[in-house]
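At position 52 of the sequence shown (counting the first as 1) the number is 53 in our numbering, and the numbers step up by one without a gap.
Even for Gly, the Cβ is constructed at its ideal location relative to N, Cα and C.
Here's the structure, in structure tokens; my notes come after.
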Amino acid sequence: MPTTETGATKALKNTVSRQKATIVALQKRLGALTDDIHMLQRDLSKFKKNVAADINELFDRVDAD
């Protein structure tokens with residue numbers, strides 16, 4: 002007995018196909034956001050070190066005077 006796709010089956014397959022495409026796009030975006038977070042953490046750490054170095058330099062100048 003041959004099987005035929007009903008309208009509901011076609012609609013479901015279409016929905017699943019769209020959801021797969023959406024999931025792939027979301028996974029790519031999540032990967033990009035993860036990379037951005039790591040870069041921001043690295044930049045923030047570097048910024049904190051630079052500020053600390055600047056403050057230490059200012060204190061050293063004040064102490065020298």
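Item to complete: Look up Asp44 in the DSSP assignment and say whether it is helix, strand or coil.
Response: As a first step, residue 44 is located in the sequence shown; it is residue number 43 there, counting from the start. Residue state, collapsed to three classes: helix.
Discussion item. Can you give me the C-alpha to C-alpha distance between Thr23 and Thr7, rounded to a whole angstrom?
Written reply: Sequence index remark: in the sequence shown, residue 23 carries index 22 (1-based). Sequence index remark: in the sequence shown, residue 7 carries index 6 (1-based). Rounded to the nearest angstrom, the two C-alpha atoms are 24 Å apart.
Worksheet item: Under three-state DSSP, which class holds Glu70?
Response: With the chain covering only 2 through 66, there is no way to say anything about residue 70.
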